[in-house]
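Just so you know, we're using the numbering used here here: the sequence shown kicks off at 2 and counts up by one.
Single-structure report; data block below.
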Amino acid sequence: MAQHTEQETEYDVSRIQEKWLPIWDELKPFSTSNPDDKRPRKYVLDMFPYPSGDLHMGHAEAYALGDVIARYWRQQGFRVLHPIGWDSFGLPAENAAIKRGLDPRKWTYENIAQQRQSMRRYAASFDWDRVLHTSDPEFYKWNQWLFLKLYEKGLAYRKASWVNWCPFDQTVLANEQVVDGRCERCDNVVVKKQLTQWYFKITAYADRLLDDLKQLEGHWPAKVLSMQRNWIGRSVGAEVDFEVEGRNEKITVFTTRPDTLYGATFMVVAPDSELAAELVAGSTPEVQQSFRAYLTEVQKETEIERQDAGREKTGIPLGRFAINPVNGERLPIWAADYVLADYGSGAIMAVPAHDQRDLDFARKYELPVRVVVDTNAPVTGAIPVLELDEQGVPILPDLPSTDPAETGEALAGDGRMINSGPLDGLSKSNAIKRMIELLQSRGAGRAAKTYRLRDWLISRQRYWGTPIPILHGAEGELIPVPEDQLPVTLPSTEGLDLQPKGASPLGAAEEWVNTTSPIDGSPVRRDPDTMDTFVDSSWYFLRFLSPNDDGQAFDVKEADKWAPVDQYVGGVTHAILHLLYARFITKVLFDLGYVSFTEPFSALLNQGMVLMNGSAMSKSRGNLVRLSDQLDEHGVDAIRLTMAFAGPPEDDIDWADVSPGGSAKFLARAWRLAGDVTSDPSVEWKTGDLALRRHTHRFLADAPGLIESFKFNVVVARIMELVNATRKTIDSGRGGGDAAVREATEVIAIALSLFAPYTAEEMWEKLGYSPTVAHVQWRKPDPHLLVEESVTAILQVDGKVRDRVEVSPKVSAEQLEKLARDSAGVVRAIGDREVVNVIVRAPRLVNIATRG
């Protein structure tokens, strides 16, 4: 038991922090290295940070919340893995280093050292024996191993295609890294550029990525699940094969509405697709010249602009014709900017009567519009019998014109098929089924699915990333670097120009890029690109399981023990990018036999943003709040407590609306309780004040459920209530010697260790115990103290409170109604009014409704 050598009278934040940090460093209270620890396991993980300067207010929130969960599960008897590392490759670090004329290594590792010291000060319960940096060769060696595994499985491939290009950062971007047509890193407009790049075939897992989201329902935020579903974007329909005059190969088009094929009046291809270029090559010189001019204009448009439904569409005829496989009609082929090259084959069949984009285009260029769905016809029940004319044609009733060619509004609703040969009279679902059967019987189509998801483009034309472990032979052959020659490490930056210029700077490192083939010793060149840093974060949670293992990416046995992650904490900004890629890589590793689970993160908590005066903090807005300044002014515990108390974790926090100063005052009030306790730790609690004991045990019973539902702010409020109740008991004359005061104060210290570890540790020592309070188990509530001897029943008349009475928790509805009717306050309120209804919610409420 610790002995007091001094009795501090003031709550000195700086002194407490300086005292406990070195003690914790020595004790290593959160290490998971003990092989004899047989407790059940929990894996809690925070999204690891970029090393860009010191920690900021967003970090303060995220790590405070994640730490509550990690500390809580330890109190519940679990062995908790809670590691930390740095996502230290990538553009932000490289651009910052270039700006300052530094080697990215120097800039990155200096920032890591600074952030590490701040994290240590912030007292998150990390296992500091499991630190990793993705820019260490010891880590990125296994990125390269993972690449080779995907390459062997046919999931890593290289192809030439139009890619998203950031002119500022001079590198390609994955589709997910383009937000509203701009680079998600630098916010500059993204353009299209044709390059040969490396891809991971994530589309091969599209169905599993979509269907397995069901495993996460109720455990991940519904918003994130919806975002992932929308991004994968599975569509069900048919592939239709169109013959093209003068071309041996057919054009295959995907459509979700094959039932409307009789309404197709033209075809549209993306102007920047290979298909358009090929079709134009077979056309007249005049068309070729016009097309080149048109393509130049289209390439100035961003992808987001081209998808804008309200924007005026442009196009040009290619002088070529396709043949509709169901009726033999010749369909003119156009190139138009509203079709994208990476959607299916880059071509669509245009049905203008039933698609608004096609209709807008058709009306602009005076193309035919044919209605094939009668949206006025009932879609269920019997088809109404119509009168026939002399030729036997049904006489339709007079209705307002709905011809899209006249109204400009496409008929998008359901109905019965018309003008569609054998489909006439069928409903949509039956017509789709029938049309697919017809196409299959003619060898002109088949049922199919397509996805919004595109393969993951991983090549980056920058230095600060994982080198791609592929060698290029003289004849263009691709040679994987043997595993025993990994890692392929980055060369020195000495003499290397890292300025972005459209090609990877590694290509200019001649001594590095020129090497010999491991097969025959012939001259070969290394691939000059580096990998997208999202490759690093797609599997880093597994590397934490054995971060110092030189022989394997991760220990499979350790993965069986610890993974998947039980609770993941981080921002919703990664809802698509990082989380989707991590899910994909996990499924690949499952298929390869390295892990026994298919989802990496069993539960997900998204925290909101920390704002200032309603806006995101930034220097330019003049509303930047520095975390270091706040920690200096109020102390670590006050900031951590404020983050937890501000509201539900997923809500944004406006720093202008919270009070870290108020949190500091509360912590001082709690700390003083420990100094006021005069009873011995061995005191018999049952002898203490019964009311305070009931309050304490009700808190012990309620807090776990609140924490597990992430209602941290409610838990803090309940701690505050318990502190007030304890102080009231002391000041009532019972004093600090009351056993219930010690019991309550110990519970407060245990609970506060989740939110304010310095204060809690100091209180624990004052109470006569050895460190660390973080190891103390959550106490079990006494069920006898949870039974209420009486409750307060509210008596209302017409919704207004007229009286309160103390009743047994077991009071019947009839007894409670009689008490209400006999209450003087209720009788006065009713007066001579008529009672029309009585609602009784025993034992808490009676409401008497009256009129007159």
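All residues carry an ideal CB built from backbone N, CA and C; glycine is no exception.
Nothing here was measured: the structure is a model prediction, and the numbers come from that model.
Can the beta-carbon of R230 be found less than 8 Å from the beta-carbon of L217?
Stepping through the sequence shown from its first residue, residue 230 is reached at position 229. Stepping through the sequence shown from its first residue, residue 217 is reached at position 216. Taking 8 Å as the Cβ cut-off, R230 and L217 do not qualify as a contacting pair.
Is the beta carbon of S505 closer than 8 Å to that of R467?
Locating residue 467 in the sequence shown gives position 466, counting from the first residue. Locating residue 505 in the sequence shown gives position 504, counting from the first residue. The amino acid occupying residue 467 in the given sequence is Thr; Arg does not appear at that position. Going by C-beta atoms, T467 is not nearer than 8 Å to S505.
Tell me whether R358 counts as near the ligand ADP, meaning its Cβ is closer than 7 Å to at least one heavy atom of that ligand.
With respect to the ligand ADP, the structure offers nothing, as it holds no ligand at all.
Starting from I480, follow the alpha helix (DSSP H) in both directions and report where the run begins and ends.
As a working note, residue 480 is residue 479 in the sequence shown. Counting along the chain, I480 falls outside any alpha helix (DSSP H), though it belongs to the beta strand (DSSP E) covering L479 to P481.
Taking 8 Å as the limit between beta carbons, can you name the residues of its chain near V715, skipping five residues before and five after?
Sequence index remark: in the sequence shown, residue 715 carries index 714 (1-based). The residues are L707.
Closest to G615 by CA distance: which of D655, L606, E651 and A97 is it?
The residue labelled residue 615 in the question sits at position 614 within the sequence shown. Among D655, L606, E651 and A97, the Cα nearest to that of G615 belongs to D655.
Across the stretch 484-498 and the stretch 271-280, are there enough close Cβ pairs to call them in contact, namely three or more that are closer than 8 Å?
Output reads no: the stretch 271-280 does not touch the stretch 484-498.
What's the gap between the Cα of A741 and the Cα of L691?
Locating residue 741 in the sequence shown gives position 740, where the first residue counts as 1. Locating residue 691 in the sequence shown gives position 690, where the first residue counts as 1. One C-alpha to the other measures close to 8 Å.
Determine the DSSP secondary structure at T297, reduced to helix, strand or coil.
As a position in the sequence shown, residue 297 is number 296, starting the count at 1. Here T297 sits in helix by DSSP.
Among R695, A98, K314 and A448, which residue has its Cα nearest to the Cα of S791?
Mapped onto the sequence shown, residue 791 falls at position 790. Answer by Cα proximity: R695.
Does DSSP put A349 in a helix, in a strand, or in coil?
To locate residue 349, count along the sequence shown from 1; it is residue 348. Position check: residue 349 holds Ile in this sequence, whereas Ala was assumed. If DSSP states are grouped into helix, strand and coil, I349 belongs with the strands.
Going by alpha carbons, who is nearest to D528 out of L701, G508 and A98?
To locate residue 528, count along the sequence shown from 1; it is residue 527. Minimum Cα distance to D528 is reached at G508.
Are G264 and H355 touching if we call contact CB-CB under 8 Å?
Here residue 264 refers to the residue found at position 263 when the sequence shown is read from its first residue. Here residue 355 refers to the residue found at position 354 when the sequence shown is read from its first residue. Result yes, Cβ atoms of G264 and H355 sit closer than 8 Å.
List in chain order: all unbroken alpha helix (DSSP H) runs of 4+ residues lying wholly within the stretch 593-666.
The stretch 593-666 contains these whole alpha helix (DSSP H) runs: 628-635 and 637-646.
Taking the beta strand (DSSP E) that L46 belongs to, which residues open and close that run?
As a first step, residue 46 is located in the sequence shown; it is residue number 45 there, counting from the start. Per DSSP, L46 belongs to the beta strand (DSSP E) from R42 to D47.
Determine the DSSP secondary structure at Q18, reduced to helix, strand or coil.
Taking the first residue of the sequence shown as position 1, residue 18 is located at position 17. DSSP places Q18 in helix when its eight states are reduced to three.
Hey, would you say A363 sits closer than 8 Å to V370, going by beta carbons?
The count along the sequence shown starts at 1 and reaches residue 363 at position 362. The count along the sequence shown starts at 1 and reaches residue 370 at position 369. It is a contact, given that the beta carbons lie within the stated cut-off.
Could you check what DSSP says for M2 in three-state terms: helix, strand or coil?
Working through the sequence shown from its first residue, we reach residue 2 at position 1. Unreliable placement is indicated for M2, whose pLDDT of 38 sits below 50; the coordinate value is still reported in the next sentence. If DSSP states are grouped into helix, strand and coil, M2 belongs with coil.
Is there contact here, the stretch 667-678 with the stretch 86-98, by at least three beta-carbon pairs under 8 Å?
Not touching, per the Cβ criterion.
Can you tell which of Q77, D37 and Q118 has its C-alpha closest to the C-alpha of A702?
On the sequence shown, position 701 is the one that residue 702 refers to. For A702, the nearest C-alpha among the options comes from Q77.
Can the beta-carbon of V288 be found less than 8 Å from the beta-carbon of A337?
Stepping through the sequence shown from its first residue, residue 288 is reached at position 287. Stepping through the sequence shown from its first residue, residue 337 is reached at position 336. No, these two residues do not count as a Cβ contact at 8 Å.
Is DSSP giving Y759 helix, strand or coil here?
Sequence index remark: in the sequence shown, residue 759 carries index 758 (1-based). Three-state result, Y759: helix.
For T730, does the count of other Cβ atoms within 10 angstroms reach 16, so buried, or fall short, so exposed?
To locate residue 730, count along the sequence shown from 1; it is residue 729. Buried, because 16 or more other Cβ atoms sit within 10 Å of the Cβ of T730.
To the nearest angstrom, how far is the alpha carbon of D188 from that of D181?
Your numbering for residue 188 matches position 187 in the sequence shown. Your numbering for residue 181 matches position 180 in the sequence shown. D188 and D181: Cα-Cα distance of roughly 9 Å.
Going along the chain, which residues of its own chain have a beta-carbon closer than 8 Å to the beta-carbon of S680, five neighbours each way excluded?
For the purposes of this step, residue 680 is taken as the residue at position 679 of the sequence shown. Result list for S680: G737, G738, D739, A740, V742 and R743, in chain order.
Please work out which residues of its chain come closer than 7 Å, Cβ to Cβ, to L151, disregarding the five sequence neighbours upstream and downstream, and give them in chain order.
Here the question's residue 151 lines up with position 150 in the sequence shown. Counting only Cβ-Cβ distances below 7 Å, and skipping sequence neighbours, we find A157, F201 and V589.
Note down the Cα distance separating E246 from R331, rounded to an integer number of angstroms.
Indexing the sequence shown from 1 puts residue 246 at position 245. Indexing the sequence shown from 1 puts residue 331 at position 330. Cα to Cα, the separation comes out at about 9 Å.
Give every residue of the same chain whose Cβ lies closer than 7 Å to the Cβ of L28, excluding the five residues on either side of it in the sequence, and list them in chain order.
Position 27 of the sequence shown, counting from 1, holds the residue named residue 28. For L28, where only same-chain residues beyond five positions count, the Cβ hits under 7 Å are P772 and T773.
Note down, in chain order, each residue of its chain lying with its Cβ closer than 7 Å to the Cβ of I233, except the 5 sequence neighbours on either side.
Start at 1 with the first residue of the sequence shown, and residue 233 comes out as number 232. Excluding residues within five positions, the ones whose Cβ falls inside 7 Å are A207, L210, L211, Y452, R453 and L454.
Let me check one thing: in DSSP terms, what residues is R447 bridge-paired to?
As a first step, residue 447 must be located in the sequence shown, where it is residue number 446. In the DSSP output, where bridge partners are listed per residue, R447 has E240.
For R248 and P93, what's the separation of their Cα atoms in angstroms?
Here residue 248 corresponds to residue number 247 of the sequence shown, with the count starting at 1. Here residue 93 corresponds to residue number 92 of the sequence shown, with the count starting at 1. Taking the straight line joining both Cα atoms gives about 49 Å.
Below 8 Å between beta carbons: does that hold for L341 and E304?
Residue 341 sits at position 340 when you count from the first residue of the sequence shown. Residue 304 sits at position 303 when you count from the first residue of the sequence shown. Yes, Cβ-Cβ distance for L341 and E304 is below 8 Å.
Determine the DSSP secondary structure at N231, reduced to helix, strand or coil.
As a first step, residue 231 must be located in the sequence shown, where it is residue number 230. Reduced to three states, the DSSP call for N231 is helix.
Identify the continuous beta strand (DSSP E) that holds E250 and give its terminal residues.
For this step, residue 250 is matched to residue 249 along the sequence shown. Here the beta strand (DSSP E) through E250 covers R248 to T256.
If you reduce the DSSP assignment to three classes, tell me which class L691 lands in.
On the sequence shown, residue 691 is found 690 positions in, with the first residue counted as 1. Helix.
How would you label P649, buried or exposed, when you count the other beta carbons within 10 angstroms and need 16 or more for buried?
Position 648 of the sequence shown, counted from the start, is the residue given in the question as residue 649. So P649 ends up on the exposed side.
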